[in-house]
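Colleague: Numbering (the working numbering), first residue to last: 5 to 564. Where is the CB? At the ideal position from N, CA and C, for every residue including glycine. Model, not experiment: these values are computed from the prediction. Handing you a structure now.
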């Protein structure tokens, strides 16, 4: 009978593994002592799902695919989060006094008995995969339980000295390794990194201490919020972590932390700012594992990608990337540098600050206190025999003049500007005081960009746009299109979106545009000339993503 067959035999019968693969796994088991199923998964011969389903057949226990199973939130309350994480088990449903629980190893009698003792319920264990159970625990429990527990621990420990806790400003808070305050800060940061957040905001208000994370460009409040009386402890902990002066609350400060979350090395850039209700702390998360240093990952259309690859390999000239703060300009510039980085090029940067390290590139950071500004640094850079120069941002006429002179003397210069679109870059430089003929002679290309949120593939809803809408979008009404709109589900935290990609507006400087720049014509006239020359606007590129089913029309309209 099937229940008497070994796991290896069942897997061979189902065609999942070969006899040779089984023998190799058995040999490995003799050395490592690990479970056979674990070894087969590690060797890539079978998946966790394969092992769990065959073990369930072998042992006569059910197997539940948690990737598709929806659990009632009331059932989750039957087992405390601590217990679920300790035994890697999650409740599925309850009938009478018996609760069915998915476990990685439902044959572990001791664990089943312990869960029974803790819950007071009869336990019916079933098979589930380790990864799926961990994901389900994260999904249904999240960090709310841990955050609540950490907050309650702090409150109970300090109930009798609430006033003293409000003014904690000593290093001792960092030396208490098991301090609940430290645990709370670590939990918030770890969850933000896990969620792919770009920023964490610690915001003091009159009667509340709010914590928000920015995910895909939108702020989300963390619940439960830490109580107001914990504000000083939390802010002091963060300031101690990044070597900021915890006694100084009247002036803004900047700091930096390097941490490890799981297997990720993450840099945190910390900024404090005094407000009427206390110090506001913002942490910028610089996750190197999410950094897109390959131009193919930026989201460019094939035509735009090929155009930019040609432009960034020019021997000289100025190439600008424009857009508001947080639109991905730095990522795009780093992708450009990575694409052209080679042993025969000397690439030097001047940044504020250096966010990511690129091997083979000499990177320097602005230090205003020491007198190292963009302009001062650039004067020295041009004496370092560079082929390519990256300037973090052109902020003033002095920096702009050095950048343009560098381009005119044979260097390729990359930099950023804060403008709403590509055509406005030239007029912005003129407004700074740069001579129009210098701009027209040195400027090669301007790339404007935004980050558009991508629709969640699990819940996006299709619809057919009407003819009036297609005409407004300058799309042929004779063709049938399928657009998608956001809906919201657990996978995307009910936002309807998950992840972001760039949309781009690439303006190549042709003879007509050069002539308009020399004449100091308006940005609107330059834009019309660029469109006549084939430029696709930000909205055009956004609509391309709508047609491809990647984002919604409302999202494109929101950012363009």
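Could you name the residues of the same chain whose beta carbon sits closer than 6 Å to that of residue 570, not counting the 5 residues immediately before and after it, in chain order?
Modeller: Because residue 570 is not part of the residues shown, which for the chain are 5 to 564, the question remains open.
Colleague: Considering only their Cβ atoms, is the gap separating residue 366 from residue 344 smaller than 9 Å?
Modeller: Their beta carbons are not under 9 Å apart, which means residue 344 does not touch residue 366 by this criterion.
Colleague: So, with DSSP's three-state summary, where would you put residue 264?
Modeller: Note: residue 264 maps to strand in three-state DSSP.
Colleague: To the nearest angstrom, report how far apart residue 550 and residue 457 are at their CA atoms.
Modeller: If you take the alpha carbons of residue 550 and residue 457, they lie about 11 Å apart.
Colleague: Taking the beta carbon of residue 258 as the centre, do at least 16 other beta carbons fall within 10 Å, making it buried, or is it exposed?
Modeller: Exposed, since its Cβ has fewer than 16 Cβ neighbours within 10 Å.
Colleague: With residue 475 as the anchor, note down where its alpha helix (DSSP H) starts and where it stops.
Modeller: Counting along the chain, the alpha helix (DSSP H) containing residue 475 begins and ends at 471-476.
Colleague: Could you tell me whether the Cβ atoms of residue 309 and residue 429 are closer together than 9 Å?
Modeller: The answer is no: Cβ separation not under 9 Å.
Colleague: What residues are listed by DSSP as bridge partners for residue 258?
Modeller: DSSP output for residue 258 lists 275 as bridge partner(s).
Colleague: Could you tell me the boundaries of the alpha helix (DSSP H) in which residue 527 lies?
Modeller: Counting along the chain, the alpha helix (DSSP H) containing residue 527 begins and ends at 527-536.
Colleague: Looking at C-alpha atoms only, which residue of 476, 373, 471 and 44 is the closest neighbour of residue 483?
Modeller: That would be 471, whose Cα lies nearest to the Cα of residue 483.
Colleague: Am I right that residue 200 and residue 219 are in contact with their C-beta atoms under 8 Å? What's the rounded C-beta distance?
Modeller: That pair is a contact at about 6 Å.
Colleague: Whose C-alpha, out of 57, 98 and 59, is nearest the C-alpha of residue 76?
Modeller: Ranking 57, 98 and 59 by Cα distance to residue 76 puts 98 first.
Colleague: Under the DSSP definition of a beta bridge, which residues are partnered with residue 206?
Modeller: DSSP, once it has assigned bridges, lists 215 and 285 as partnering residue 206.
Colleague: Who are residue 355's beta bridge partners in DSSP?
Modeller: According to DSSP, which records beta bridges pairwise, residue 355 is partnered with 369.
Colleague: So what does residue 105 bridge to, in DSSP terms?
Modeller: Beta-bridge pairing links residue 105 to 95 and 129.
Colleague: For residue 362, which option in 462, 339 and 280 has the closest C-alpha, if you only look at C-alpha atoms?
Modeller: Here the closest residue by C-alpha is 339.
Colleague: Helix, strand or coil for residue 121 per DSSP?
Modeller: Helix at residue 121.
Colleague: Determine contact between the stretch 54-64 and the stretch 117-137, defined as no fewer than three beta-carbon pairs at a distance below 8 Å.
Modeller: Because the criterion of three Cβ pairs below 8 Å is met, the stretch 54-64 and the stretch 117-137 touch.
Colleague: Helix, strand or coil, according to DSSP, for residue 39 in the structure here?
Modeller: DSSP places residue 39 in coil when its eight states are reduced to three.
Colleague: So, using beta-carbon positions, are residue 522 and residue 543 closer together than 9 Å?
Modeller: Their beta carbons are not under 9 Å apart, which means residue 522 does not touch residue 543 by this criterion.
Colleague: Would you call the stretch 498-510 and the stretch 299-313 touching, i.e. three or more CB-CB distances under 8 Å?
Modeller: The stretch 498-510 is in contact with the stretch 299-313.
Colleague: Tell me whether residue 505 sits in a helix, a strand or coil according to DSSP, three-state version.
Modeller: Reduced to three states, the DSSP call for residue 505 is strand.
Colleague: From which residue to which residue does the alpha helix (DSSP H) around residue 242 run?
Modeller: Start and end: 235-245.
Colleague: Taking DSSP as the reference, what is the three-state secondary structure of residue 269?
Modeller: Three-state DSSP puts residue 269 in a strand.
Colleague: Straight-line CA distance for residue 469 to residue 552?
Modeller: Taking the straight line from one Cα to the other gives about 14 Å.
Colleague: For residue 241, does the count of other Cβ atoms within 10 angstroms reach 16, so buried, or fall short, so exposed?
Modeller: Flag for residue 241 reads buried.
Colleague: Rounded to the nearest angstrom, what separates residue 196 and residue 232 at their Cα positions?
Modeller: About 21 Å.
Colleague: State the start and end residues of the unbroken alpha helix (DSSP H) segment that holds residue 397.
Modeller: Residue 397 -> no alpha helix (DSSP H), and no H or E assigned at all.
Colleague: Would you call residue 375 buried or exposed, if buried means 16 or more other Cβ atoms sit within 10 Å of its Cβ?
Modeller: Exposed, because fewer than 16 other Cβ atoms sit within 10 Å of the Cβ of residue 375.
Colleague: Quick test of the definition: if touching needs 3 or more C-beta pairs under 8 Å, does the stretch 243-258 touch the stretch 212-231?
Modeller: The stretch 243-258 vs the stretch 212-231: no contact.
Colleague: Which one of 43, 341, 459 and 439 has the shortest CA to CA distance from residue 402?
Modeller: Out of 43, 341, 459 and 439, 439 has the C-alpha closest to the C-alpha of residue 402.
Colleague: Quick one: is residue 454 buried, meaning 16 or more other Cβ sit within 10 Å of its Cβ, or exposed?
Modeller: Classification of residue 454: buried, given that the 10 Å Cβ count is 16 or more.
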